[in-house]
Amino acid sequence: MAPQTLDGPGASRSRLLLNQVGYLPHGPKAATLVTEATEPLAWQLRQDDGAVLASGLSEPRGIDQGSALPVHVIDFSEVTTAGTGFRLVVDGVTSRPVVIDADLYQRLRHDALHFFYLQRSGIAIDGAIAGAEYARPAGHLGVAPNRGDLAVPCLGPRDYYDGWTGDYRLDVSGGWYDAGDHGKYVVNGGIAVAQLLSTYERTLTAPTATPGALGDGTLRVPEHGNGVPDVLDEARWELEWMLAMRVPTGEYAGMVHHKVHDEGWTGLPLDPAADPAPRSLHRPSTAATLNVAAVAAQGARLFAELDPAFAARLLDAARATWAAAQAHPALYAPAAAGADGGGPYDDDDVTDEFYWAAAELFVTTGEDVFARAVLDNPLHTAEIFEADGFDWGRTAPLGRLTLATVPHDLPGRDAVRASVVAGAELHLAAQQAHAFGSSYSPQDGVYQWGSNGIAVNNQVVLAVAFDLTGDPRFQRAVLGSLDHLFGRNALDRSYVTGYGDRFSRNQHSRMFAHQLDPALPHPPVGSLAGGPNSVVSTWDPAMLAAFTEDTAPATCYLDRIESWASNEITVNWNAALAWVASFVADQAGGAVGGPSPADRQQTRPADGS
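Take any residue in the sequence shown, note its place counting from 1, add 459, and you have its number in the numbering used here.
Printed below as a string of structure tokens:
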């Protein structure tokens, strides 16, 4: 089923909240009703002609902590009949149409990945590939008014970098714009690349993966038809840029610059080619250096047969950056570095990056030195899967997931796999207890910046546990937690552009800024909004003006372009969405033990979109 268009219906808010995209025939099906009733309520699922397809009683859940709303849960998982015109009726409320369809998420797999082509820097975006409204000239190639990324100097001395600067310039064109600004950040690009590579690598290792679903010709990219899976072509665009961010000479030679961006924050809207601000390279960091070591090692094994020369270059870079990080193990990015036109991505503990990089290097090379680095790292036997999930600053789970899923001969693999399953059990319990089906229930009740991205990463852990065990509870938890993302939430809103009846479309972006300039487009279909961010943890002026500290955290969200804390788009959140969308598209209508991968028919639009 195709998603709604950006000009689709703007349905009014309902108190009967469900997955606006729909449900898989054999997957879980639940809705949440906002009601003051304290006793179970009778519900019916009706067909177009009014005939009752199913009925039952709601389950009162009291006051939901995240939303502060009194709610009931309705479970109609017994229904397996496919259709598009069903409606739930309960407590005097009739729902919007309920869709049950096995192919609901086939297109999302590709839309979520297509996002990355539109975030590319240093290349003209071709309207014939991206759609006419998204065509734009190449950004930051030194064509006036751009200063360009072809010869970027090091940032001048700053106190927060202990007076560091460099006397060289680098060509750091290419890569992805990280988020709503024009900055390019290695540590956020690192987790995004890792998850794109893992999305493809799962097709080589997972029992339910659909052969060919991410092969050459499946995405809308310029490299379409070159014999390399398109998702790997897209990852390569960022990998090449990350390699270019290495320090060429001096004290920190071989390390990797943390980021490159404008010297000073630019306003909204601003097309990349129209950005007049000077740009600079920020001091290298151990975290950035280890991100390159990790993803270069991962890329090396995936490109080994497709492009041996590139794979060799990646592996050489992985070894060299690992060595550089060993020589400079505590060069941290400070929080104060956010004052000069880009996010700081500050991190003063890189034990997790060392673990992740060692894991990727070992799985790729099998060498004892990297095996020892994994086994000696204190995180290898620690409980690294937390209720608050993982992100760019907590990367140990990336290494653990690789060790659990990709073949290798490191001792103790059963324990590694068991730790992933234990982490999934944690997320499963949270998801089952959540009145809106979300896989995100922060222990302190405070919703973090990018809460939707963290929720999707929790789904990744659940999905990997299913791949490892075949336990249907984990598969159903992934499917059920999608409900929250697509409208079964306190705001009756789908957070993915173009999917559902009420979807986010004004995300924080200088490029996709239709709300401020009608000549510019909305974010593309398949873009994930950051999600609710508790007011007590933000300094976003738009949110501080709209909400108070007493506002329920799950409702601290604005679909306004100014709200960077709740409504930004980023490469790392969309990478996690793409991973999960690909997993869900493989689930054969939600039937555990359904057709084998070899029997599956790849389902995608004929034009590869």
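Glycine is no exception: its CB is placed at the ideal position from the N, C-alpha and C atoms.
*Bridge-paired residues (DSSP) for G521*: V530
Report the three-state DSSP secondary structure of W502 (helix, strand or coil). strand
Continuous beta strand (DSSP E) stretch holding H943: start and end:
Where H943 is concerned, there is no enclosing beta strand (DSSP E), although the alpha helix (DSSP H) it sits in stretches over 931–944.
When the Cα atoms are used, what is the spatial distance from G723 to N478? 41 Å
Query raised in the report: How many angstroms separate the CA atom of V879 from the CA atom of L887?
Result: Taking the CA atoms as reference points, V879 sits about 12 Å from L887.
| request: Just tell me which of R546, F769, L790 has its CA closest to the CA of Y711. | output: Proximity to Y711 across R546, F769, L790 peaks at L790, based on C-alpha coordinates.
Which ranges does the alpha helix (DSSP H) cover as unbroken runs of at least 4 residues, wholly within the stretch 533–594, from first to last along the chain? 565–577, 586–589
message = DSSP has R738 in a bridge; who is on the other side?
response = D721
**Asked** For P793, which residues from the same chain have a beta carbon less than 6 Å from its beta carbon, with the 5 sequence-adjacent residues on both sides left out?
**Response** Excluding sequence neighbours, P793 sits near Y619, D805.
- request: Give every residue of the same chain whose Cβ lies closer than 6 Å to the Cβ of S471, excluding the five residues on either side of it in the sequence, and list them in chain order.
  value: none
* G590 versus N965 - alpha carbon distance -> 18 Å
Suppose the cutoff is 7 Å on Cβ atoms and the five residues either side in sequence are ignored; what does the same chain contact list for E660 look like?
L761, V865
Can you look up P743 in the DSSP assignment and give me helix, strand or coil? strand
**Item:** Own chain partners of R595 with C-beta closer than 8 Å, once the 5 adjacent residues on each side are dropped
**Value:** A583, I584, D730, P731, A732, M970
Could you have a look at D903 and say whether DSSP puts it in helix, strand or coil?
Note: D903 maps to coil in three-state DSSP.
Smallest Cα separation from A668: which of G1049, F1042, S1025? F1042
Kindly indicate which three-state DSSP category E1027 falls into: helix, strand or coil? strand
Supposed close pair L698, L572 - CB separation, criterion 8 Å: Contact doesn't hold; Cβ gap of about 16 Å is too wide.
query: Taking all protein chains shown into account, do 16 or more other C-beta atoms lie within 10 angstroms of the C-beta of I650, making it buried, or fewer, making it exposed?
result: buried
According to DSSP, is Q1060 part of a helix, a strand, or is it coil? The predicted position of Q1060 is uncertain, since its pLDDT is 37 and thus under 50; a value taken from the coordinates is nonetheless stated next. Reduced to three states, the DSSP call for Q1060 is coil.
- request: Starting from the C-beta of L941, find all residues in its chain whose C-beta is less than 6 Å away, skip the five residues before and the five after it, and write them out in chain order.
  value: none
- Query: What residues in its chain sit with their C-beta under 6 Å from that of D570, if we drop five residues either side in the sequence?
  - Reply: V984, G985
| message | Per DSSP, what are the beta-bridge partners of P612 in this structure? | response | R628
Inter-residue spacing [alpha-carbon to alpha-carbon] between D766 and D850:
30 Å
Original post:
Can you check whether the CB of V833 is closer than 8 Å to the CB of A855?
Top reply: A855 is not a Cβ neighbour of V833, given a cutoff of 8 Å.
| query | Based on Cα-Cα distance, which residue from A489, S517, V511, R505 lies nearest to A496? | reply | S517
*Start and end residues, alpha helix (DSSP H) containing G957*: Taken as a continuous stretch (DSSP letters only), G957 belongs to no alpha helix (DSSP H), as it is neither H nor E.
Use the C-beta contact count for T956: other C-beta atoms within 10 angstroms, 16 or more gives buried, fewer gives exposed. buried
Check: Which whole-angstrom value describes the C-beta separation of A949 and L528, a residue pair presumed to lie in contact below a C-beta threshold of 8 Å?
Finding: 6 Å
What is the rounded straight-line gap between the Cα of L838 and the Cα of T810? 8 Å
| message | Output needed for A1050: all residues of its chain with C-beta closer than 7 Å, excluding positions within five of it in sequence on either side, in chain order. | response | H485
- Task: Would you decide whether L738 is buried or exposed? Buried here means 16 or more other CB atoms lie within 10 Å of its CB.
- Result: The residue you asked about is not Leu; residue 738 is Arg in the sequence shown. R738 is buried by the Cβ-count criterion.
Subject >> Cβ-heavy atom distance, D850 to the ligand HEM, below 7 Å >> reply: Questions concerning the ligand HEM fall outside what the structure shown contains, since it holds no ligand whatsoever.
Excluding the 5 residues preceding and the 5 following V480 in the sequence, name in chain order all residues of the same chain whose CB lies nearer than 6 Å to its CB. L563, F945, Y958, G959
Within 10 angstroms of its Cβ, does R859 collect 16 or more other Cβ (buried), or is it exposed? buried
Which whole runs of the alpha helix (DSSP H) in the stretch 787–875 are 4 residues long or more, in chain order? Runs of the alpha helix (DSSP H) inside the stretch 787–875: 810–824, 827–835, 855–864.
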